[in-house]
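Numbering (this note's numbering), first residue to last: 2 to 629.
Ideal placement from N, C-alpha and C gives every residue a C-beta, glycine not left out.
Being a predicted model, the structure only gives us computed values, none of them experimental.
The structure appears below as structure tokens.
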């Protein structure tokens with residue numbers, strides 16, 4: 002028996018040593034985070050006891066909030082010592098005792114100013130070992146449900162504890178929100194684990210659901226094995242909702258990560274799931290007024306800094322506040338469960354919203370719209386300008402047509418008047434002059450015997466003057482309206498005009514004809530004759546030429562006329578600004594018969610007038626007749 006007792010004692014000692022060594026590795030490394038912004042300030046050391054491992058989402062969020070707030074401190078130099086206890090897995094008494102011994106050995110010789118306790122297992126751990134571990138140090142509670150307030154205040158730690166609690170009202174608000182978003186709900190299930198942390202956190206939700214028993218049938222799945230919970234979830238009625246608290250340990254004692262459990266539940270049910278914590282967003286809960294572990298960390302850091310600055314422990318009490326909550330919803334689950342966004346609170350944050358085409362290509366769409374708008378404005382402007390231009394062109398064409406019609410009328414009127422004058426000169430004045438010449442000749446014969454002789458000579462001179470005047474009247478009559486043009490044709494008329502011009506002006510005129518047709522319309526022939534006539538008149542007046550060549554050729558239904566002289570020439574551009582209507586009248590006549598008229602000239606190199614007119618009457622005759 003003594004031997005057996007010795008062996009048992011030795012085995013127990015070895016087990017404690019192994020357990021202590023294992024705990025050293027399981028606790029993980031200790032991080033020291035220094036927020037030193039003022040080297041001259043007080044050096045404060047703070048130990049943070051995290052209930053769960055470092056890679057837990059909840060641990061990361063609380064740690065983020067603590068670090069953010071402590072990093073803003075400028076008066077104190079705070080050193081953080083983080084311990085990740087993993088109490089949901091190592092929860093047996095020997096393991097907890099070994100962990101307490103480890104922490105005592107680690108911090109026994111160092112000066113620690115404050116303890117921050119994160120989550121329920123760490124709080125229970127301090128209640129159990131607080132008399133010997135970190136004795137007398139102030140403790141700031143973080144991420145503790147309000148339902149544990151009485152238990153904490155009843156413990157020996159009550160005078161050392163302060164911090165912000167998770168208010169139970171948030172659980173009631175979550176239940177009310179879920180029933181408002183799903184008004185047809187008739188069944189509700191509460192899912193929570195068997196660990197002390199699970200039980201503490203589910204108490205407020207359970208109480209809120211108990212109050213709603215008159216509206217919904219409540220099923221409590223707390224503490225059941227995970228497999229049974231999933232089986233229950235699969236067979237819940239369609240009018241059910243699920244409220245998920247935490248599940249660190251199930252009914253069979255197996256440890257889990259609560260977020261992974263939530264993912265499994267979401268995969269096994271089509272029912273909407275509601276949870277209390279922001280860390281669950283994206284893993285299966287619809288959302289609501291959620292507890293933000295990051296904000297809890299910030300609040301705990303604020304309490305810790307107040308104590309480190311000298312605030313008395315009595316002033317830093319355990320209180321609950323809504324400042325640690327945030328309203329968020331999962332857009333994907335809202336759509337999946339047909340929950341309208343208009344039912345959500347105004348300050349709600351919608352996460353995981355699928356980007357619309359507008360969200361993805363907003364800049365491009367705006368750019369394209371602006372570009373299209375500018376193009377549209379430009380096109381409208383161009384269309385407006387085009388219409389204005391077309392109207393202006395139409396008005397111009399109409400004006401040109403009116404001018405051409407007017408010019409045609411003037412030309413026709415002119416020709417009619419010239420024809421009338423020509424007939425009047427020929428039939429009246431010329432005949433009267435001829436009669437006068439005859440009478441004068443008769444008088445001259447009868448006065449042959451008269452004396453004195455100067456009287457007879459005077460009568461003969463008068464007769465000659467009358468004859469010359471008659472010839473001039475005949476010539477003027479031909480110029481006013483060349484009857485020869487109608488009687489003998491264009492060629493004979495041009496020859497006659499050229500001979501008379503050459504005799505009168507002493508300028509050599511050469512006329513050349515090539516395939517000149519006989520069936521030239523009267524208007525075309527008159528136009529050509531008048532242009533040649535006006536051209537010769539201008540040559541005599543301005544060109545100082547010695548030679549003039551006139552060429553007429555019929556081809557392809559048109560009559561080509563070229564008048565060329567070897568005179569001094571001129572600058573056509575300058576001729577537009579000089580007084581005179583010679584070239585203008587020629588151009589108007591040619592345009593009247595739908596012909597083409599050009600003038601080529603250079604100073605010192607003579608002038609070439611070219612015109613081409615149709616041989617037969619065209620649209621110009623119709624225009625003239627219509628105008629008349």
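Contact between the segment 542–555 and the segment 499–513 is established, with three or more Cβ pairs separated by less than 8 Å. In this model, residue 130 and residue 163 are separated by some 18 Å (Cα to Cα).
The C-alpha of residue 103 is placed about 54 Å away from the C-alpha of residue 185.
Within 10 angstroms of the beta-carbon of residue 96 lie 16 or more other beta-carbons, which makes it buried. Less than 8 Å separates the beta-carbon of residue 51 from that of residue 123. Here residue 183 carries a coil assignment [DSSP, helix/strand/coil].
Put simply, the backbone Cα of residue 484 is about 55 Å away from that of residue 385. The shortest CA-to-CA distance from residue 276 to any of 269, 302, 247 and 301 is the one to 247. Under the three-state reduction of DSSP output, residue 312 falls in the coil class, being neither helix nor strand. Residues 168 of the same chain have their beta carbon placed closer than 7 Å to that of residue 323, with the five preceding and five following residues left out of the count.
In the structure shown, residue 441 falls within a helical segment according to DSSP collapsed to helix, strand and coil. Within the model, the alpha-carbon separation for residue 456 versus residue 497 is close to 39 Å. Per DSSP, reduced to three states, the secondary structure at residue 190 is strand. Cβ neighbours of residue 333 within its own chain (closer than 6 Å, five residues either side excluded): 353. For residue 179, the number of other beta carbons within 10 angstroms of its own is at least 16, and it is reported as buried. Around the C-beta of residue 261, fewer than 16 other C-beta atoms lie within 10 Å, and the residue is accordingly described as exposed.
Counting along the chain, residue 262 sits inside no beta strand (DSSP E); it lies in the alpha helix (DSSP H) bounded by residues 259–268. Counting C-beta pairs with one atom in each stretch, the segment 131–146 and the segment 77–93 have fewer than three that are closer than 8 Å, which means they do not touch. Sequence-distant partners of residue 304 (beyond 5 residues in either direction) whose C-beta falls short of 6 Å from its own C-beta, in its chain, are 141, 163, 164 and 317. A residue is called buried once 16 or more other Cβ atoms fall within 10 Å of its Cβ, and residue 74 is buried on that count. Around the beta carbon of residue 593, a 10 Å sphere encloses 16 or more other beta carbons of the protein chains shown; the residue is thus reported as buried. Taking 8 Å as the cut-off, the Cβ atoms of residue 202 and residue 221 do not count as close. Residues of the same chain with a CB within less than 6 Å of the CB of residue 536, apart from the 5 flanking positions on each side, are 564 and 610 in chain order. In this structure, 302 is the residue among 238, 235, 524 and 302 with its C-alpha nearest to the C-alpha of residue 65.
The beta-bridge partner set that DSSP reports for residue 615 consists of 559.
Leaving aside the five residues that flank residue 101 on each side, the residues in its chain whose CB is nearer than 7 Å to its CB run, in chain order, 130 and 134. As computed with DSSP, residue 320 is found in a beta bridge with 165. The beta carbon of residue 59 is closer than 6 Å to those of 280 and 294 in its chain, skipping five residues each way along the sequence. Rounded to the nearest angstrom, the Cβ distance from residue 132 to residue 157 is 7 Å, consistent with a contact under 8 Å.
If you draw a straight line from the Cα of residue 567 to the Cα of residue 432, it is about 41 Å long.
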